[in-house]
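Residue numbers (the working numbering): 3 to 171.
Cβ coordinates follow ideal geometry from the N, Cα and C atoms, glycine included.
Bear in mind that the values here come from a model prediction, so they are computed numbers and not experimental data.
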């Protein structure tokens with residue numbers, strides 16, 4: 003898939019199909035859907051509706067769980083995390099927009115485990131790009147892409163959802 007031809011509905015359909023397969027293979031029952039602020043929440047809202055999950059959508063802001071403050075700086079726009087009363091023994095579908103190094107997901111898992119020990123977590127992302135730094139990878143993806151050095155991909159939205167490619171100096 004070339005950068006110029008990425009369509010959000012196509013990526014969402016691919017992600018939904020992949021999540022359905024993972025749920026069947028792993029025998030997921032009555033899952034909790036959790037989105038990582040900000041773009042992950044936008045995607046998770048769509049997945050939550052599509053799956054017709056009864057429980058409210060879970061929201062995570064992993065700002066205080068990050069390990070890279072010295073590189074990215076502390077961001078003052080912290081949003082509140084909202085999770086169900088218990089995640090203990092529950093099946094979780096964790097959603098983010100772009101998977102890059104894996105550090106955001108590591109931080110999200112740390113925060114989730116502070117609330118309890120889930121039965122299992124399925125990780126779904128709209129885009130998986132190259133650059134992994136920790137041994138974590140998504141279970142379900144909308145698309146996989148390799149970017150040139152100095153290139154970044156970012157989801158914009160919430161309405162309409164779009165993908166923005168940026169050059170970083």
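Selected residue, minimal CA-CA separation from residue i, among the options
i: residue 36; options: 60, 13, 146 and 53; result: 60
i: residue 26; options: 41, 93 and 42; result: 93
i: residue 22; options: 144, 161 and 133; result: 144
i: residue 11; options: 111, 52, 57 and 138; result: 52
i: residue 30; options: 55, 15 and 101; result: 55
i: residue 102; options: 20, 149 and 16; result: 149
Beta-carbon proximity of residue i to residue j, cut-off 7 Å
i: residue 108; j: residue 127; result: no
i: residue 99; j: residue 45; result: yes
i: residue 41; j: residue 97; result: no
i: residue 146; j: residue 161; result: no
i: residue 142; j: residue 17; result: yes
Nonlocal neighbours in the same chain, by C-beta distance under 6 Å from residue i, ignoring five residues either side
i: residue 156; result: 166
i: residue 118; result: 88, 89 and 90
i: residue 164; result: 158
Sequence-distant residues of its chain with Cβ nearer than 7 Å to residue i (five each side left out)
i: residue 113; result: 62, 64, 67 and 83
i: residue 138; result: 104, 107 and 108
Cutoff 8 Å; reference residue i; Cβ partners in own chain excluding five residues on either side
i: residue 169; result: 152, 153 and 154
Range of the contiguous beta strand (DSSP E) that encloses residue i
i: residue 169; result: 164 to 169
Residue range of the unbroken alpha helix (DSSP H) whose run includes residue i
i: residue 48; result: 41 to 53
i: residue 150; result: Taken as a continuous stretch (DSSP letters only), residue 150 belongs to no alpha helix (DSSP H), as it is neither H nor E.
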